[in-house]
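Q:
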Amino acid sequence: MAARLSHTHTTTTFFFPPTTTTYSTPIHTLLHFKPRTTFPTILCSRRPDYTPNHIPNLNYVRIFDTTLRDGEQSPGATMTTKEKLDIARQLAKLGVDIIEAGFPASSQADLEAVKLIARDIGNTVTEDGHVPVICGLARCNKNDIDKAWEAVKDARYPRIHTFIATSEIHMQYKLKMSKEQVVEKARSMVAYARSLGCNDVEFSPEDAGRSEREFLYEILGEVITAGATTLNIPDTVGYNWPREFGQLIADIKANTPGIENVIISTHCQNDLGLSTANTLEGAYNGARQLECTINGIGERAGNASLEEVVMTLKCKGELLGGLYTGINTRHIVMASKMVEEYSGLLVQPHKAIVGANAFAHESGIHQDGMLKNKSTYEIMSPEDIGLYRSNESGLTLGKLSGRHALKSKLLELGYDIDGRELNDLFWRFKSVAEMKKVVTDDDLIALISDEVFQPTVVWKFGDVQVTCGTLGLSTATVKLIDNDGNEHISCSTGTGPVDAAYKAVDLIVKAPVKLLEYSMTAVTAGIDAIASTRVVISAEDDHTTTHASGEQIARTYSGTGASMDIVISSVRAYVGAINKMLGVKKVTTT
96 MAARLSHTHT
106 TTTFFFPPTT
116 TTYSTPIHTL
126 LHFKPRTTFP
136 TILCSRRPDY
146 TPNHIPNLNY
156 VRIFDTTLRD
166 GEQSPGATMT
176 TKEKLDIARQ
186 LAKLGVDIIE
196 AGFPASSQAD
206 LEAVKLIARD
216 IGNTVTEDGH
226 VPVICGLARC
236 NKNDIDKAWE
246 AVKDARYPRI
256 HTFIATSEIH
266 MQYKLKMSKE
276 QVVEKARSMV
286 AYARSLGCND
296 VEFSPEDAGR
306 SEREFLYEIL
316 GEVITAGATT
326 LNIPDTVGYN
336 WPREFGQLIA
346 DIKANTPGIE
356 NVIISTHCQN
366 DLGLSTANTL
376 EGAYNGARQL
386 ECTINGIGER
396 AGNASLEEVV
406 MTLKCKGELL
416 GGLYTGINTR
426 HIVMASKMVE
436 EYSGLLVQPH
446 KAIVGANAFA
456 HESGIHQDGM
466 LKNKSTYEIM
476 SPEDIGLYRS
486 NESGLTLGKL
496 SGRHALKSKL
506 LELGYDIDGR
516 ELNDLFWRFK
526 SVAEMKKVVT
536 DDDLIALISD
546 EVFQPTVVWK
556 FGDVQVTCGT
566 LGLSTATVKL
576 IDNDGNEHIS
586 CSTGTGPVDA
596 AYKAVDLIVK
606 APVKLLEYSM
616 TAVTAGIDAI
626 ASTRVVISAE
636 DDHTTTHASG
646 EQIARTYSGT
656 GASMDIVISS
666 VRAYVGAINK
676 MLGVKKVTTT
């Protein structure tokens, strides 16, 4: 998808951390910040040249994004290869240093997706001269490592990330291995990864936050000797609190032999709501790679949120010793919306940085302050993350609005959409505008979700007609169009109009599924509101994927739809979820 955020050029003063290092990246890669007189000083500099185990500028922090790997492990967050490629392209535009593109050994679909990302995104120079590292996850065994290397080796900067548990509870009950066996397995598998020709190997001692310190120093020292270039310290179950996790990083830095020859990384889960705080504390104590996800999605309660970590470093970097990143924050909103739509995991309204209410002000006292000076109640500008205030352009969209007005409004909302996608969205907008006097921002966002952020089409929604009420069974007639343009029509009955329509879809598609979740919300108030539907399904033939823990789990697929008619909205969502399922299945079986 062509999704480009426009840059607002402002006069900005840059403060360069002390260094004698010469960088090759052009000057226009600098992060742009629109300052206000009362905002904190922002530390910015260029992105250093990439060397796996060394960062020449001690203040530079690498951002490692695992949205496509850990994030996709969230229930219902399965994405197609096209969706993963779109997100990886947006992450590269955002300026992420390392993209963990997946777990290649988990399934053939994941292997092919990572391989495609490595070949495409891993060799494409972005507008600011950046090429991200492409990483694949592997357990400490040769099969996983072989698959990971097969997937990433075509990238300009490939990385293998391998891991094994080191806490007593994991070694005893999950691995059933002694400390000596775990050390040997870690050492030998890091050495094996290097022997394949991979000169960038990351090692993670799973559940490091609950592991014995002396054992950590030992195993980390061994993998450094074997050739590891990055040591990732995960708080796997989100059990640590900031002072505790920061001390863990400091202790590892002080006591691990050879630590000066590698990069220390953090990976913090959010089970106690402390992932962002722990990540920042880790950076303060010496970590120079921070692992996170867009919108904080991930296993259980999620991961450290990339937008929270990056914007904290941007706003408070001077209090953290001058730390800074290479992230172009003006691409945050687009990345957030793309991940939200493709994963089906909605962002809570009060989510920091990217939530719908993050820059909303309803209190009279707050509104008064905002009218006098926006910095009274905003510590950052929404423009800094790629969001433009909808009330500043004066645009009201209706049935007489043209493409240019629609395009301008989309840019305000953080979307840069062009070409065929803009044309398709325009005609959906016009059809709604014929029935509504004013099309609101929320209406547009729902239409974007339904028209732009959809999986590759296997079946296209055509028409639906229903009959329902108290006098008899509900009936539905549905028309779908296949890839060759052939029309397929089927009729069915059900307990209600939606049930009847879904059964009619099933008769056409002939791919038995289980409906796991169904929800509908009115996008705006009023009888003419657009209905937004979200469904989650699974295949009855139990598509499975291998979790990083080794457990076989059933894949689930989400779909969204939007229409002023609740049945049409429901069918669009159901067909979208089926398309995603069939797209993943096609890759898996080829």
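To get this note's numbering, take the position in the sequence shown, counting from 1, and add 95. In this text, a Cβ means the ideal position worked out from N, Cα and C, and glycines have one as well. Since the structure is predicted, the reported quantities are computational estimates derived from the model, not experimental observations.
Which of the three DSSP states is assigned to Gly316 in this structure?
A: Here Gly316 sits in helix by DSSP.
Q: Pull up the CB-CB distance for Ile686 and Ala233, whole angstroms please, since I reckon it's below 8 Å.
A: No answer is possible for residue 686: the residues shown for the chain start at 96 and end at 685.
Q: Is the separation between the beta-carbon of Phe524 and that of Leu542 shorter than 9 Å?
A: Yes, the Cβ-Cβ distance between Phe524 and Leu542 is below 9 Å.
Q: Count the CB pairs spanning the region 613-633 and the region 500-515 that are closer than 8 Å, and state whether there are at least three.
A: They do not touch, by the three-pair rule.
Q: Identify, in the order they occur along the chain, each residue of the same chain with its Cβ nearer than 7 Å to the Cβ of Val382, setting aside the five sequence neighbours on each side.
A: According to the sequence displayed, residue 382 carries Ala and not Val. Excluding sequence neighbours, Ala382 sits near Ile344, Ile359, Ser360, Thr361.
Q: Between which two residues does the alpha helix (DSSP H) holding Arg425 run?
A: Taken as a continuous stretch (DSSP letters only), Arg425 belongs to no alpha helix (DSSP H), as it is neither H nor E.
Q: When the Cα of Gly564 is compared with those of Leu495, Val593, Leu539, His499, which residue comes out closest?
A: Of the listed residues, the one whose Cα sits closest to Gly564 is Val593.
Q: Give me the residue from Leu153, Ile347, Phe198 with the minimum Cα distance to Phe310.
A: It is Ile347.
Q: With a threshold of 8 Å on Cβ separation, who are the neighbours of Ile319 within its own chain once the five nearest residues in sequence on each side are excluded?
A: Around Ile319: Leu326, Thr351, Pro352, Gly353, Ile354, Asn356, Val357.
Q: Cα separation between Ala288 and Pro147?
A: Rounded to the nearest angstrom, the two C-alpha atoms are 14 Å apart.
Q: In terms of DSSP beta bridges, what is Val561 paired with?
A: For Val561, which the question treats as bridged, DSSP gives the partners Ala571.
Q: What are the partner residues of Asp537, as DSSP defines its beta bridges?
A: Partner(s): none; Asp537 has no beta bridge.
Q: According to DSSP, is Asp330 helix, strand or coil?
A: In this structure, Asp330 counts as strand in the three-state DSSP scheme.
Q: Rounded to a whole number of angstroms, what is the C-alpha to C-alpha distance between Gly417 and Glu403?
A: Each residue's Cα considered, the two are about 17 Å apart.
Q: Please determine, among Glu436, Lys532, Tyr419, the residue with the shortest C-alpha to C-alpha distance to Gly654.
A: Here the closest residue by C-alpha is Glu436.
Q: Mapping the DSSP letters down to three states, classify Asp160 as helix, strand or coil.
A: Asp160 falls in the strand class under three-state DSSP.
Q: Between the alpha carbons of Asp577 and Ile603, how many angstroms are there, rounded?
A: Looking at the two C-alpha atoms, the distance is approximately 10 Å.
Q: With C-beta atoms as the reference, is Pro550 less than 9 Å away from Gly671?
A: Their beta carbons are under 9 Å apart, which means Pro550 touches Gly671 by this criterion.
Q: Report the CB separation of Leu448 from Ile480 in whole angstroms; it is logged as a contact under 8 Å.
A: At residue 448 the sequence reads Ile, which differs from the Leu that was named. Contact holds; Cβ gap of about 6 Å.
Q: By DSSP, does Tyr419 sit in helix, in strand, or in coil?
A: Strand.
Q: Note down, in chain order, each residue of its chain lying with its Cβ closer than 6 Å to the Cβ of Tyr613, except the 5 sequence neighbours on either side.
A: Excluding positions up to five away in sequence, the list reads Val630.
Q: Would you say Thr371 and Thr161 are within 9 Å of each other, going by their C-beta atoms?
A: No, they are not a contact pair.
Q: My output table needs one value for Cys293: the three-state DSSP class, helix, strand or coil.
A: If DSSP states are grouped into helix, strand and coil, Cys293 belongs with coil.
Q: Taking the straight line between their C-alpha atoms, what separation do you get for Gly316 and Ser306?
A: Approximately 15 Å, taken between the alpha carbons.
Q: Quick one, which of Arg184, Asp192, Arg164, Asp205 has its alpha-carbon nearest Lys680's?
A: The candidate whose alpha carbon is nearest that of Lys680 is Asp205.
Q: My parser needs the beta strand (DSSP E) runs of 3 or more residues fully inside the region 331-394; what are they?
A: Complete beta strand (DSSP E) runs here, min 3: 358-363, 384-387.
Q: Which stretch, first to last residue, makes up the beta strand (DSSP E) that contains His256?
A: Per DSSP, His256 belongs to the beta strand (DSSP E) from 253-260.
Q: Taking Tyr252 and Tyr145 to be in contact with their CB atoms under 8 Å, please state how far apart those CB atoms are, rounded to whole angstroms.
A: Indeed, because the Cβ distance is near 6 Å, the residues count as touching under 8 Å.
Q: Return the Cβ separation of Thr261 and Phe298 in integer angstroms, given the expectation that the two are a contact with Cβ distance under 8 Å.
A: About 11 Å separates the two Cβ atoms, so there is no contact after all.
Q: Can Lys605 and Ser633 be called in contact, C-beta distance under 9 Å?
A: Contact flag unset, no.
Q: Tell me which same chain residues have a C-beta within less than 7 Å of the C-beta of Thr331, skipping the five on either side of it?
A: Result list for Thr331: Glu301, Asp302, Gly304, Gln364, in chain order.
Q: Hey, could you find the ends of the beta strand (DSSP E) Arg142 is sitting in?
A: Where Arg142 is concerned, there is no enclosing beta strand (DSSP E), given that its DSSP letter is neither H nor E.
Q: For Ala250, which residues from the same chain have a beta carbon less than 6 Å from its beta carbon, with the 5 sequence-adjacent residues on both sides left out?
A: So the list reads Ala213, Gly217, Ile229, once near-sequence residues are dropped.
Q: Answer yes or no: do Gly393 and Ser169 have a C-beta to C-beta separation smaller than 9 Å?
A: Going by C-beta atoms, Gly393 is nearer than 9 Å to Ser169.
Q: Thinking just about the alpha-carbon of each residue, which of Thr588, Glu582, Ser664, Gly580 is nearest to the one in Val618?
A: Nearest of Thr588, Glu582, Ser664, Gly580 to Val618, Cα basis: Ser664.
Q: Quick one, are the C-beta atoms of Ala528 and Gly567 less than 9 Å apart?
A: No, these two residues do not count as a Cβ contact at 9 Å.
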